[in-house]
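First comes the structure, then the notes that go with it.
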Amino acid sequence: MSRTKRSRPSSSESSDSNAILTSQPSRKSSRPNSREKKSDSVAPSDPPISDAEFYSNSVVKVQKPKSQFERSYEEKLHKFLLTDEMSEFSALESEVKLSSSLPPSSFGRVERSEEVPVSSREETKEETSNVDEIQEEVIVSPEYVQEQAGNPDFVCQWLLKSADALLEQAHKIVLAANYVEGAQAYYTLIKAALKALHMVAGQYMANLQPKAAAQVYYKLAKIYLEETENYSTAESFVKKSMAIAIKHGLLQARVAGELLCAKILELSDIALLEPFLNERQEIHEREGHSEISLLFSLKRTELPGLNDAQIVLPKGEAIKDNQLRSLCLLMQSSIYLSQGSPKRAEELLNECRDLFSQMKDVAPQLKAMSYLQNLTVCTQTDNHKYGKMWVKKITDFINKQKKLKWSSWNNDGTIPVTLSRGLPNEIPFSLQWIGPDEFVPTFYLLSGLFYMNEGTDLAKTGKIFEACVNSADQGVSNLTNYTPKSQNFMVSQLTTKVVRLSVIKFMAISYQVWLGFMSSSDFNGIKAIHAFLESYNNDNFTAEELWYYKFLIPHFLYLSAMYHQAQGNLKAAKLNFLKVRNLTSQTVDTPIEAFHLQRSLGIGYGLPASSTSELYIYSIMHLLNISEYEFQSLSQANDSSTQHEQAIQRSRSFLASLHADMTNILEDPASQGLTTSKLFMLTYKSALAVFNSSGFEDPEKRLDTVLTSEIEKLVFSGNVNIQNVELLALYVLLRQAINLDQRNRFYGKCVRRITKNEDNGKLLSFFVYLEAQKQESSDPQMGDKIQRKIDAIVESTQHKIETARQSVLQKSTSSNRES
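The sequence shown runs 1 to 819 under UniProt numbering.
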């Protein structure tokens, strides 16, 4: 095949520093939509359900986004998509147009008055009818096919087999959709599969038994939903499938139709999804199908605004099927982790681990999900010992799966699950997760976070993040270059996978920058962060791009704020920390379509708000630090003007509000998972001690003994390995020592933790050296040595300290002028 590579965005549309995948086909707007075609479309022209309400919940009406792929090739694709005529098929444009006769609010209710023409041959048992069974083997030759052309049973089965084969072949060449010719081939195969199924539905339904007839309508609905996004037509066909299933008591087909109904509502009118799921839950509970009812509970976990997993999912003891029970435990644990409640998640994971030991066969994807969540719990609870154990366990797991060539994993990330307990027939369904190409970089990212938090080997941490970036890059490369039969999934999932890998890459890069801050005051990586933020501030992102990456903005603003604070530009730092606080302290009113785009990446609905957000908590701590310094500087300035007094009053008022915010965080039960972390508590208590002592200006002023006892207990717990945090805490204890023995003890520990690798460590060392001068006052030679070290630190950091002081005073002067 001659391949013409799709054009990339021009420099005016995207900078090299943050080109955001507009060249990839997108689930919602990056591939051609059958609803936008003219009369040559195979899809009925009826409007999709609730299309007009896609953006009704947004504050301002927004234009539906189009990616670079759609903008560049819409005209070309219009010439061949779903329009080719083949002599063997009748034109679908001549088919009877199907449309929903029900408003969205009645979605899912079956029109029982509608007669569905199916074979009069009834099934005594559902399982005895299977369209895939072939009673006798025959040699299919052109001559045989010609002989059987008049046999309606043969033609019907031939069309069904052809539709399946065409659909499978389209998914096998999905990577070719990165090229114009490949996109043409993909959609031509989809069109041919639709034509085959339409012929069966229009001419041969009388030759099918009820189960097979329901499957035909179900397949049509699924293709229209997932390949053309024509929700109205998909709704029409799935209702026909459900009507047959209900009439003939086909439980499996009925449940499949109901789950597809939920998917249609999820994409077209999500406001109706929860009532629909509640109704289906109640119906199946009344019918005694509790396990099936649970499937709809699991679906509810994907709804926006979820607050409590216990409300959505039943307790584990109520679920008899072990596989389903373990799945519910993992879903609940995932919710609690996203809400910052690792202790509650840990309890569920322990229960899940016990359950796995009782099961004969556990899907490797469920094990992988459990392993990643356990590692996340260890990171959030500072459990370094077990965290290392989980890193090793996951590494061994990956090596084993590589040897097996990931044979138990699907390319699209689906996990097959089968319900059979207490049911007349097995009910298969699939759980959407991530594929092996996404699992590996996700593990690298989470293990990098663990070792970064553990803090003993930052060099190793850097190598892990580098491996994460390389793995994600390789995954994107594999998905954007065509290799025959290397992947097998719908084109709608192509962008989801590419963007998800890019999100992982961006996160790893941001932590690499952070690591540079921590280890050596290396700020080179901040250029990429600022380039990303510049595109965000100047509205250079398309709506689609912004929805994909919006949740990264607070992370990047936090890094930028840290950079400015380290450089002494407190004004810029304070502004960015305020932006972080505002972005993470409220639930953003995101359009429903944006919710789907974000959630398809597995990142949830926006960010956790207020006290459940780590960024929110630490941004307030930084603001407290800056505001305390600002207040002290203003108070000590030699200025008695009214404007200056007003600036002091504003600073005092803002400082009081920040302390109130932090008090609320500490008292909020929802934040306990974050605020009980020993790293957080030691950081906060040490900073609080410095605040309360006014920077230890008065050597005679003593802190509350309870506070110093808490700091001492935390610093000697052995679970906090961030060197600067330990050094700050030890310095506080040194200044508060009440006798010579205590002072000598804390002084020795401070000296052993002195570092000159980065500026924060140098500044803390400066204060320790000042104490050392007092300690070694009787030794002139040692005093001179200490003074040289002090002078060296002052020389390398004085300009930043002066910049910080001027930043605060200039702000006051600016406020005076504004007044």
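Each residue gets a CB set at the ideal place from its N, CA and C atoms; glycine is no exception.
Only counting the same chain, and skipping five residues up and downstream in sequence, which positions put a Cβ closer than 6 Å to that of residue i?
i, result
"F237", "Y217, L220, A221"
"S408", "P364"
"F465", "G448, A508, Y511, Q512"
"F523", "Y563"
"E227", "I190"
"L727", "R753, L764"
Can you tell me the Cβ-Cβ gap for residue i and residue j, rounded? I've got them flagged as a contact below 8 Å.
i, j, result
"E630", "F691", "13 Å between Cβ atoms; not a contact."
"H622", "Q565", "7 Å"
"G568", "K388", "Incorrect: roughly 38 Å between the Cβ atoms, too far for contact."
"A687", "L624", "7 Å"
"L714", "K749", "Actually they do not touch by this definition, with Cβ atoms about 14 Å apart."
"Q773", "G783", "6 Å"
"L557", "K527", "Actually they are not in contact, since the Cβ atoms of L557 and K527 sit about 15 Å apart, beyond 8 Å."
"L303", "E274", "6 Å"
"F766", "I738", "The pair is not a contact, with the Cβ atoms about 24 Å apart (cut-off 8 Å)."
When burial is assigned at 16 or more other CB atoms within 10 Å of the CB, is residue i buried or exposed?
i, result
"A368", "buried"
"R8", "With a pLDDT of only 35 at R8, under the threshold of 50, the placement of this residue in the model should not be trusted, and no figure is reported."
"T379", "buried"
"A459", "exposed"
"P554", "buried"
"D132", "No answer about D132 holds up, because its pLDDT of 42 lies below 50 and its placement is not dependable."
"V706", "exposed"
"S357", "exposed"
"G475", "buried"
"R581", "buried"
"A206", "exposed"
"S613", "buried"
"T483", "exposed"
Which residue from the options puts its Cα closest to that of residue i?
i, options, result
"R735", "L666, S693, Q798, P428", "S693"
"H659", "Y618, E274, L327, S297", "Y618"
"C352", "D321, A792, E726", "D321"
"I427", "G288, V255, L265, S408", "V255"
"K239", "D361, V362, A214", "A214"
"V391", "H799, A737, L445", "L445"
"L294", "R286, L303, T376, Q281", "Q281"
"T456", "D396, N399, M518", "M518"
"A201", "T228, V155, E226", "V155"
"Q323", "L404, A345, A729, D354", "D354"
"D704", "F716, A689, F696", "A689"
"K385", "D661, R745, F696, Y451", "Y451"
"S796", "K785, L763, L277", "L763"
"Q209", "K247, F397, D779", "K247"
"F716", "R745, L740, I738", "R745"
"A729", "I711, L740, L272, D741", "I711"
"E168", "N151, P152, T188, E181", "T188"
Can you list, in chain order, the residues of its chain with a C-beta nearer than 8 Å to that of residue i? Leave out the 5 residues immediately preceding and following it.
i, result
"T442", "L372, I434, I504"
"L552", "V503, F506, M507, S510, F532"
"T708", "A689, V732, L733, Q736"
Can you grab the Cα-Cα spacing for the pair residue i / residue j, in whole Å?
i, j, result
"D164", "E258", "22 Å"
"L501", "I648", "48 Å"
"N230", "Y224", "6 Å"
"N410", "V768", "57 Å"
"S67", "V362", "Note that S67 scores 46 on pLDDT, short of 50, meaning its location in the model is unreliable; the coordinates nonetheless yield the value given after this. Going from the Cα of S67 to the Cα of V362 covers about 40 Å."
"Y179", "A212", "36 Å"
"S477", "L349", "35 Å"
"I793", "I626", "21 Å"
"L575", "A467", "34 Å"
"T480", "Y684", "46 Å"
"T395", "P436", "13 Å"
"A804", "G516", "21 Å"
"K495", "M199", "Note that residue 495 is Thr in the sequence shown here, rather than Lys. Spanning the two alpha carbons is a distance of roughly 32 Å."
"S120", "V469", "Unreliable positioning characterises S120 in this predicted model, as indicated by a pLDDT of 47, which lies under 50. The coordinate reading is nonetheless provided below. Cα to Cα, S120 sits roughly 60 Å from V469."
"S129", "S162", "Residue placement at S129 is flagged as unreliable, the pLDDT there being 40, under the threshold of 50; the coordinate-derived value follows with that caveat. Cα to Cα, the separation comes out at about 20 Å."
Near residue i, what residues of its chain come up, given a Cβ to Cβ distance below 7 Å and the 5 sequence neighbours on each side ignored?
i, result
"Y747", "L734, E771, Q775"
"S471", "V440, P441, Y444"
"K172", "K485, N488"
"T376", "L337, L446"
"S807", "G568, N569, L570, K571"
"I786", "Y769, A772, Q773, E776"
Is residue i close to chain B, meaning its C-beta is less than 8 Å from at least one C-beta of that chain?
i, result
"E771", "Looking for chain B here will not work: only one protein chain is present."
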